[in-house]
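Student:
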Amino acid sequence: MSVVVEQVTRRFSPGGSPAVSDVSFHAPTGAITSLLGPSGAGKSTLLRLIAGLEAPDAGRVHIDGVDCTRQPVQQRGVGVVFQSYALFRHMTVRENIAFGLEVRRLPRAETEARVDEMLRLVQLEALGHRYPGQLSGGQRQRVAFARALAIRPRVLLLDEPFGALDTRVREELREWLHALHSRTGLTTLLVTHDQEEALEISQHVVVMSEGRVAQAGAPEDIYNHPASPFVASFIGGASVLRGRVQAGKAEVGSLALDVPAAAREGEAVHAFVRPHDIKLARHEVSTPGPQPVTGRVARLKAVGGFVKVLLALPSGDEITVQVSRSEFDALGLTEGDAVRADVLSASVFVGDYAI
Amino acid sequence: MFAPSTPMARRQARTLGGSPLLRWALIAVALVFLGVFLFVPLVAVFTFAFQKGSAGYLAAVSHPEARSAILLTLTAAGIAVPLNLVFGLAAAWLLSRFRFPGRALLLTLIDLPFSVSPVIAGLIFVLLFGRQGWLGPWLAEWDLHVIFAVPGIVLATVFITLPFVVREVLPVMQAQGSDEEEAALTLGAGGWRTFLRVTLPKVKWGVLYGVILCNARAMGEFGAVSVVSGHVRGVTTTLPLHAEILYNEYDFTGAFAVASLLTLLALVTLVLKKYVEWRSEAS
Amino acid sequence: MSSPHRVLPGFRLSLGFTWAYVGLLVLIPLSSLVLKTVSLSWPQFWDTVTAPRALAAYRLSFLASFAAALINVVFGLLVAWVLVRYRFPGRSLVESLVDLPFALPTAVAGLTLTTLFSAKGWYGQHLEALGLKVAYSSLGVAVALTFIGLPFVVRTVQPVLEDIDADVEEAAATLGATPWQTFSRVLFPAVLPALLSGFTLAFARALGEYGSVVFISGNMPMRTEIVPLLIVTKLEQYDYAGATAIAVVMLVASFLLLLVVNLLQRWSHRRLETRPGT
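Chains as they are written, first to last, in my numbering: chain D, 1 to 355; chain W, 1 to 283; chain Z, 1 to 278.
Written out as structure tokens, the structure is:
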């Protein structure tokens, strides 16, 4: 039950900039595919196009190898979990779950059995006769899942399903979704702006920016080999260092990094460095290591089990470094100290960096 | 985006009743219905009022009896609105800030003028102050006239419009809570100063809204006033009663000229109401 | 929300003033009605309220008010739908105009509708040709009451309809519901309590209405005489006892309706209650 999107474009006002522009991607059968991007990237619109809630201006949508671009939403057999849950407030939990079966005129006994099965699946057996208004946020969320799954959809579409919940419930439900997916094996598309969520539960990630696909691939690939400055900056909370190409190397601060093949001598470059890809040492202790940078500790932020160190570099750039608590204690850093930073890995791109 | 901020227009194509044919058919039926019942009558009032030209119109509205009707209407509203404004503020403060025994009963009594027929509102004052009423003999002894006189009209008007200000101010006061009042008290402000400087500015649009509706009803009331008025021409006739008298005497142009004044009042009321809604949403 | 604390000033003052005002203006006048009722003998009361003329008036008031409220349910839902769902030229004008029956003195409505629907009026001449007599008939009573009750349904249904997120309709569509199923099974049940409240409010208002009806009804006893008019007629004949007896019947009817509205609101509240903090 793969989903294939081919060169889909959708604009909301004629002549305006498209919300989704010439997007193609493939969501593999049985996997969770995340559509990841900042708000306004067009990922929800893309999901609505796949669901049939929007019609594309150009391009095609295939589900399970069949072109369903012109198929009405009622017949697509997609299960959608809305960000707002969109539960029917005047119906009980049972009635909500049964709705899709009743409009399909399933026999009553079968409907009842399916509703029971769904209630068990989402662990809400005891709450079938409550109204949505009488449930907690996490419970409503699970009702929305049960309602979408009851119609035995070909694919499951989730629009920021955990967006409205607090952190603890989010994490619980993430685990729960993972378990649910391993049981059902349903092809799932998940829209999220939370990179951690996307990298954690999906097998395939499509990063979107300004209506286009910025990069698609396995989570590790995207994390380790960002294809563009946007992806590098959006994922992993990286710091930016600016510099120029000198003698075939990117001179960034006091670093010399490998450059992309296309770079010419003297050209502006910038590098993205992740907080945990830097190793700190006290300046006076001179350890032989690759490409040292010296800087001054501008600010320290203790966040639970680790410490974020904000380093001010001589070039004026600032980088964030993440150090474990034990490492931090061993270093004995205070604000104002001079330190040397060893960059373990960085992504370098040609051109000046502008947000 | 699925987010609720998505403009409705974007979604029209996919939501119910979104097909253009159905949409325009429904709009057309609604507009025809509202046209027949609201718009045409509105136009008709002014058309009928000017049937004999502007000279006839001016003659009708400047007739001494019309003038005294205008004066009486303004008097009744001029007494009823300020009284009910003060009452409305006091009652809204009481009901929104305190829990006390008898609160539910008080709310019911305040709503009562809304739920009884205007005719019954007139009747209760006749039973109280009329010649055969409970206080009738006593009033006759002192030669005081309430029923078939101006005081009766004012009383009936105050009764009918009693709930208007409270009903608009109470929900606003409830919604805003009393944090700011408490803050003012901790800063050393006294009760009156807190009310005038903190509470009143917060609820001013609600107050204004209530005053506008209260005034419209006070000037336009017919049933209750009709019962207690006695229809003494030029003495106890308000504008609506004057229009009725002219109509019953087959002076249609005169009746509609007077009616047009009341219609203008209604239009001004609607415009002010819209303005207040707009301002209170903006703030 | 306020709690039962009395740190805030003005409790005694506002309590005293409010009760005094309500006592003088509502409680005392109303008790005159109660006292008068109690002073009636039972046969006197019963004969008055079951006289054929009174029965005819109840029948007309009830049926015309019911018909008017029903018309307002149908068109009120339609108008609310159109105002909430569609953008069209003149929409904000229509939006304001809906409140006209609240703002326009009822006497003006009565005069105007009577003139429009009379045999030579703008509407009446065409309706007469079709054999429909509106002015000075019970049909006219229903027309006037429809005008009076129009905003009630629109204004109670409108906020509920606005509150229904487009997501809910889309969810129904993804579950396979046709547009008609979405309307009849999702949207209509959601607005039903508001619709019933609006109906009851319009009905209650119509029962008590006087100003607009006296002009258009023609006021023929047994034929086009509504209950409030019967009270006025008795008062004009100085039959205070008779007027009071009929008024008590009306009061009981409107309190029953008020009770219905309250029960309806409680019912829909209970169904849609939101857990605090979620």
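Each residue gets a CB set at the ideal place from its N, CA and C atoms; glycine is no exception. Since the model is a prediction, treat every value here as computed from it, not as a measurement.
(1) Give the C-beta separation of W/Ser178 and Z/Leu257 to the nearest angstrom, bearing in mind that I take them to be a contact with Cβ-Cβ under 8 Å.
(2) With distances taken from CA atoms, which of Z/Thr114, Z/His126, Z/Val153 and Z/Ala129 is nearest Z/Ser138?
(3) For chain W, find out if any of its Cβ atoms is closer than 9 Å to the Cβ of Z/Leu192; answer yes or no.
(4) Run down chain W in chain order and give the residues with a C-beta less than 8 Å from the C-beta of Z/Asp99.
(5) When we look at the beta-carbon of Z/Asp167 and count the other beta-carbons within 10 Å, is it buried (16 or more) or exposed?
(6) Nearest to W/Leu72 by CA position, among W/Val268, W/Ala282, W/His242 and W/Glu249, is which residue?
(7) Here's the rule I'm using: 16 or more other beta-carbon atoms within 10 Å means buried, otherwise exposed. How should Z/His269 be labelled?
(8) List, in chain order, every chain Z residue whose beta-carbon is nearer than 7 Å to that of W/Ile29.
(9) Below 6 Å CB to CB, which residues in the same chain sit around D/Glu412 once its five sequence neighbours on both sides are set aside?
(10) Within its chain, find whatever has a CB closer than 7 Å to the CB of D/Glu102; leave out the 5 residues flanking it on each side and keep chain order.
(11) Could you check what DSSP says for D/Ile63 in three-state terms: helix, strand or coil?
(12) How long is the line joining the alpha carbons of W/Glu281 and W/Tyr209, rounded to whole angstroms?
(13) So, helix, strand or coil for D/Ala346, using DSSP?
(14) Check whether chain W comes within 9 Å of Z/Phe199, counting only Cβ atoms and requiring the distance to be less than that.
(15) Is D/Ala214 helix, strand or coil by DSSP?
(16) Given a cut-off of 9 Å, decide if D/Gln141 and D/Val81 are closer than it, judged by their beta-carbon atoms.
(17) Look up W/Leu131 in the DSSP assignment and say whether it is helix, strand or coil.
(18) Does the beta carbon of W/Ala194 sit closer than 9 Å to a beta carbon anywhere in chain Z?
(19) Quick check: Z/Val134 and Z/Leu127, are their CB atoms within less than 9 Å of each other?
(20) Since D/Val103 meets chain Z, which of its residues come closer than 7 Å, beta carbon to beta carbon?
(21) Exposed or buried, which one is Z/Lys234 when buried takes at least 16 other CB atoms within 10 Å?
(22) Cβ closer than 8 Å: which chain Z residues qualify as neighbours of D/Ala86?
(23) Give me, in chain order, the residues of the same chain whose beta-carbon lies closer than 7 Å to that of Z/Phe102; leave out the 5 immediate sequence neighbours on both sides.
(24) Starting from D/Leu35 and walking both ways along the alpha helix (DSSP H), at which residues does that stretch end?
(25) Can D/Leu127 be considered in contact with the ligand GDP, in the sense that its beta carbon sits closer than 8 Å to one or more heavy atoms?
(26) Within 10 angstroms of its Cβ, does D/Thr29 collect 16 or more other Cβ (buried), or is it exposed?
(27) State the DSSP-derived secondary structure class of Z/Met220, mapped to helix, strand or coil.
(28) D/Ala19 and D/Ser84: beta carbons closer than 9 Å?
(29) What number of angstroms, rounded off, separates the C-alpha of Z/Asn219 from the C-alpha of Z/Val252?
(30) Output the residue ranges of the alpha helix (DSSP H) runs that lie fully inside the region 10-83 of chain W and measure 4 residues or longer, sorted by chain position.
(31) Could you work out which residues of chain Z lie near D/Asp319, taking near to mean beta carbons separated by less than 8 Å?
(32) Would Z/Thr244 be called buried (16 or more neighbouring beta carbons within 10 Å of its own) or exposed?
(33) Let me know the alpha helix (DSSP H) ranges lying completely inside the region 153-231 of chain W, each 4 residues or longer, listed in chain order.
(34) Just list the residues that DSSP pairs D/Met208 with in beta bridges.
(35) Pull up the DSSP beta-bridge partners for D/Gln246, would you.
(36) Is there a Cβ from chain Z that is less than 9 Å from the Cβ of W/Phe50?
Tutor: Quick look at the numbers:
(1) Incorrect: roughly 35 Å between the Cβ atoms, too far for contact.
(2) Z/Thr114
(3) Not one beta carbon of chain W lies nearer than 9 Å to the beta carbon of Z/Leu192.
(4) Leu270 and Lys273
(5) buried
(6) W/His242
(7) exposed
(8) One detail in the question is off: residue 29 of chain W reads as Val in this sequence, not Ile. Chain Z residues near W/Val29: Leu78.
(9) Past the edges of chain D, shown from 1 to 355, lies residue 412 of chain D, and the structure says nothing about it.
(10) Thr111
(11) strand
(12) In a straight line, the C-alpha of W/Glu281 is about 13 Å away from that of W/Tyr209.
(13) Here DSSP, grouped into helix, strand and coil, assigns D/Ala346 to coil.
(14) no
(15) strand
(16) yes
(17) A small fix is needed here, since residue 131 of chain W is Arg in this sequence, not Leu. Coil, per DSSP.
(18) Before going further, note that residue 194 of chain W is Thr rather than Ala in the sequence given. Cβ-Cβ to chain Z under 9 Å: yes for W/Thr194.
(19) yes
(20) Leu175, Gly176, Ala177 and Gln181
(21) Buried, since its Cβ has 16 or more Cβ neighbours within 10 Å.
(22) Residues of chain Z passing the Cβ test: Asp165, Asp167, Val168, Glu170 and Ala171.
(23) Pro151
(24) From DSSP, D/Leu35 is part of no alpha helix (DSSP H) but of the beta strand (DSSP E) over Ile32 to Leu36.
(25) For the ligand GDP, the structure offers nothing, since it holds no ligand at all.
(26) Result: exposed.
(27) coil
(28) no
(29) 24 Å
(30) 20-34, 40-49 and 53-62
(31) According to the sequence provided, residue 319 of chain D is Ile. The question's Asp does not apply to it. Under the 8 Å cutoff, chain Z gives no residues; its nearest Cβ is about 41 Å from D/Ile319.
(32) buried
(33) 163-176, 179-186, 191-194, 204-220 and 223-229
(34) DSSP, once it has assigned bridges, lists D/Val213 as partnering D/Met208.
(35) According to DSSP, D/Gln246 shares a beta bridge with D/Lys249.
(36) By this cut-off, W/Phe50 is not an interface position.
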